[in-house]
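This report refers to the structure that appears directly beneath it.
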Amino acid sequence: MPLLIAQPEGPPKQMYFTFTYQAYRENGEIVGISTFAYDVAPQVLARQEREAQREQLYALFMQAPAAICILGGDDLVYELVNPNYQDLFPGRALLGRSVLDALPEIAGHAVYQGFRAVYATGIAREEKTLLIPLARPSDGALEDRYFNYLQQARRDAHGRIDGVLVFAFEVTEQVRARQASEASARQLRDITDALPVLIGYLDRDEKYRFASEAYRAWFHQDPTALLGQPIRQVAGEIAYQNIRGYVAQALAGERVDFETAMPFRPDFAKVIRTTYVPDVQHGQVVGCYTLVFDITEQTEARRQVESLNQELAAINEELTATNEDLHESNTQLTRTNVDLDNFIYTASHDLKAPISNIEGLLYLLQEELPSAVIQDDAVGPVLTRMLDAVERFKRTIDHLTEVSKLQKEHAADAVAVNLAAVVEDVRQDLLPLLQATGAKLVVDVPALPAIQFSEKNLRSIVYNLLTNAVKYHSPARPPHVDVRAHVRPGHTVFEVHDNGLGIAPDQLPRLFGMFQRFHDHVEGSGIGLYMVKRMVENAGGRIEVHSQLGAGTTFFVFLPHTTPAGAAPFPAYRPS
Numbered sequence: 001m002p003l004l005i006a007q008p009e010g011p012p013k014q015m016y017f018t019f020t021y022q023a024y025r026e027n028g029e030i031v032g033i034s035t036f037a038y039d040v041a042p043q044v045l046a047r048q049e050r051e052a053q054r055e056q057l058y059a060l061f062m063q064a065p066a067a068i069c070i071l072g073g074d075d076l077v078y079e080l081v082n083p084n085y086q087d088l089f090p091g092r093a094l095l096g097r098s099v100l101d102a103l104p105e106i107a108g109h110a111v112y113q114g115f116r117a118v119y120a121t122g123i124a125r126e127e128k129t130l131l132i133p134l135a136r137p138s139d140g141a142l143e144d145r146y147f148n149y150l151q152q153a154r155r156d157a158h159g160r161i162d163g164v165l166v167f168a169f170e171v172t173e174q175v176r177a178r179q180a181s182e183a184s185a186r187q188l189r190d191i192t193d194a195l196p197v198l199i200g201y202l203d204r205d206e207k208y209r210f211a212s213e214a215y216r217a218w219f220h221q222d223p224t225a226l227l228g229q230p231i232r233q234v235a236g237e238i239a240y241q242n243i244r245g246y247v248a249q250a251l252a253g254e255r256v257d258f259e260t261a262m263p264f265r266p267d268f269a270k271v272i273r274t275t276y277v278p279d280v281q282h283g284q285v286v287g288c289y290t291l292v293f294d295i296t297e298q299t300e301a302r303r304q305v306e307s308l309n310q311e312l313a314a315i316n317e318e319l320t321a322t323n324e325d326l327h328e329s330n331t332q333l334t335r336t337n338v339d340l341d342n343f344i345y346t347a348s349h350d351l352k353a354p355i356s357n358i359e360g361l362l363y364l365l366q367e368e369l370p371s372a373v374i375q376d377d378a379v380g381p382v383l384t385r386m387l388d389a390v391e392r393f394k395r396t397i398d399h400l401t402e403v404s405k406l407q408k409e410h411a412a413d414a415v416a417v418n419l420a421a422v423v424e425d426v427r428q429d430l431l432p433l434l435q436a437t438g439a440k441l442v443v444d445v446p447a448l449p450a451i452q453f454s455e456k457n458l459r460s461i462v463y464n465l466l467t468n469a470v471k472y473h474s475p476a477r478p479p480h481v482d483v484r485a486h487v488r489p490g491h492t493v494f495e496v497h498d499n500g501l502g503i504a505p506d507q508l509p510r511l512f513g514m515f516q517r518f519h520d521h522v523e524g525s526g527i528g529l530y531m532v533k534r535m536v537e538n539a540g541g542r543i544e545v546h547s548q549l550g551a552g553t554t555f556f557v558f559l560p561h562t563t564p565a566g567a568a569p570f571p572a573y574r575p576s
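For the sequence shown, the UniProt record's numbering begins at 1 and goes up steadily by one.
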């Protein structure tokens with residue numbers, strides 16, 4: 001009970017007491033009341049302090065820039081959700097619901113397994129750029145999102161774990177930006193490596209920070225080994241003296257174009273046409289881009305043409321000096337000179353065409369260079385021409401047609417499907433293959449609940465697994481395939497067992513990858529199992545595989561099912 005107690009000196013003091021009243025008796029009769037007062041001010045003030053701290057912590061959580069939630073109890077029920085956390089899941093009610101009830105798509109995912117592990121062990125977990133496929137509010141389709149997570153156990157007053165505190169930051173945009181940057185860098189590397197030109201970048205210290213694949217043939221080193229080496233060391237002292245002035249001009253901010261001989265080694269010399277483009281950032285030159293074309297053959301051809309011109313000129317002079325008796329011969333020689341001049345002009349013209357194309361490739365590269373170069377008025381106007389040239393060199397082979405179709409069918413309508421009927425339908429289609437291989441197919445599919453699935457996709461899954469089980473049989477024994485199905489909570493498990501070649505343990509992690517093939521004696525695209533896994537997971541299921549090399553393989557497909565109350569399951573499979 002709070003009481004305001006007057007003080008001899010100073011203002012009244014707020015006190016807290018617990019009172020106990022007891023009857024006072026004399027000779028068996030109540031003659032008064034005994035009053036016992038206990039000062040509980042320290043306990044009350046401590047409780048108020050705890051409550052104030054709790055309210056302050058609550059306010060801190062609710063106003064924090066991070067996404068924060070508290071999951072309580074064995075079912076990990078949302079007890080606290082701050083606005084930033086709720087914003088991660090628009091349109092979903094979280095408070096008071098278990099995490100699996102609110103986010104069913106994370107069942108079996110690493111993030112949920114992390115929650116359970118922290119709750120079970122009390123050991124904090126941190127995840128960086130964790131990929132979590134989450135349903136979009138607009139259409140329910142799964143969308144890849146990335147998060148940084150910190151999960152910390154919460155303990156009660158007795159030190160027992162009673163919940164999990166979660167700090168989350170969505171980093172989807174940053175991850176996608178990094179992936180795009182890495183893809184762009186790979187594309188740039190592919191382009192530069194495909195061009196017959198030395199492409200590099202020198203920093204202010206004249207050290208290589210980039211070198212294209214063409215450097216390998218000239219300097220007998222992996223281009224990555226050149227990074228950090230000075231151009232003086234790479235080119236050699238004699239060759240460096242021929243270009244040091246041009247390098248200095250470029251690092252002073254001047255674009256430089258020149259041709260020069262480069263005696264790199266006693267047994268290796270080139271004539272090069274070079275362009276240095278300064279890299280100016282924030283008004284400062286931080287390096288330069290180097291493009292080096294080998295014009296050794298063109299230079300030699302030009303020298304030979306010039307020598308031929310000189311010889312022809314000398315012949316013409318001698319013919320002009322002859323007497324009239326040689327007029328007929330002079331006329332013939334003049335005609336010959338005209339023909340030779342035409343030949344020289346044509347040859348020179350033909351030699352200029354490939355040189356012009358090589359110069360075009362210089363400007364093509366600039367299209368892929370940093371924005372500072374792209375914005376350079378001296379570079380921009382020629383970028384389109386270079387892109388066109390690269391496109392003529394590029395050839396594209398599209399291996400993803402089937403995967404693209406699968407992506408378009410990602411949101412295919414799920415219906416109640418009879419698994420036994422689908423298996424029988426596929427078995428009928430495979431009869432020619434079974435007869436050709438002598439394979440024995442044993443089907444044991446009992447009465448099952450309806451599977452909630454796209455009928456077309458389910459047929460494709462069954463067809464792929466049964467076809468693979470027969471095609472990849474061992475030549476040492478007749479093929480034998482067992483097909484079974486049984487029910488687990490929320491799923492129907494479809495199993496395909498074979499006695500085929502089996503899969504090595506080191507190959508299993510790559511089994512469901514795109515374009516993965518482990519046996520070349522059978523035709524295939526390498527995307528069948530990739531597509532099976534995608535179709536199963538897109539429908540909320542999962543697929544597992546157990547295999548022993550030389551003994552056989554078993555696939556377990558967990559398919560979601562739904563049976564309305566009172567509805568009878570589909571009948572069991574009966575061989576026809």
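Just so you know, even glycine gets a beta-carbon here, dropped at the ideal spot from N, CA and C.
| Check | Outcome |
| --- | --- |
| According to DSSP, residues forming a beta bridge with H491 | R488, P560 |
| Cβ-Cβ separation, I503 to L549 (assumed contact under 8 angstroms), whole Å | 7 angstroms |
| Cβ-based burial, A235 [other Cβ within 10 Å; buried from 16] | buried |
| Integer-rounded CB distance, given that Y78 should sit under 8 angstroms from A102 | 7 angstroms |
| Per DSSP, cross-strand counterpart(s) of T18 | Y38 |
| D294 vs T275 beta-carbon contact at 8 angstroms | no |
| Beta-carbon contacts of L251 that lie in its chain and below 8 angstroms, excluding the five residues immediately before and after | L202, R204, E206, P278, V285, G287, C288 |
| Distance between Q152 and G122 (C-alpha atoms, nearest Å) | 7 angstroms |
| Other residues of its chain near A211: CB distance less than 7 angstroms, five sequence neighbours each side excluded | G200, P223, L226, L227 |
| Cβ distance (whole Å) where I238 is taken to contact T260 below 8 angstroms | In fact, because the Cβ distance is near 12 angstroms, the residues do not count as touching under 8 angstroms. |
| Delimiting residues of the beta strand (DSSP E) encompassing Q284 | 284-294 |
| For I30 and I5, the rounded distance between their alpha carbons | 30 angstroms |
| Close Cβ partners of S547 (< 6 angstroms) along its chain, the five nearest in sequence each way excluded | G502, I503, T553 |
| Rounded straight-line distance, which links the Cα of D444 to that of D144 | 37 angstroms |
| Nearest candidate by alpha-carbon position, reference P509, set D139, G490, L529 | L529 |
| Residues near L95 in its chain [Cβ-Cβ closer than 7 angstroms; skip 5 each side] | Y78, V81 |
| Beta-carbon gap between residue 579 and F558 smaller than 8 angstroms | This structure gives no information on residue 579, because the portion of the chain shown stretches from 1 to 576. |
| Proximal residues to A135 (C-beta, below 8 angstroms), its chain only, five neighbours per side dropped | E105, A141, L142, E143 |
| Exposed unless 16 or more other CB atoms sit within 10 angstroms - verdict on F147 | buried |
| Residue of E9, N27, T35 minimising C-alpha distance to F17 | T35 |
| Residue(s) in a DSSP beta bridge with H546 | T554 |
| Selected residue, minimal CA-CA separation from M15, among I33, D39, Q22 | D39 |
| Proximity of D479 and N499 at Cβ, strictly below 8 angstroms | Here residue 479 turns out to be Pro, not Asp, going by the sequence shown. It is a contact, given that the beta carbons lie within the stated cut-off. |
| Assumed close pair L419, A485 - CB separation to whole angstroms, cut-off 8 angstroms | 6 angstroms |
| Start and end residues, alpha helix (DSSP H) containing K207 | No alpha helix (DSSP H) holds K207; DSSP gives it neither H nor E. |
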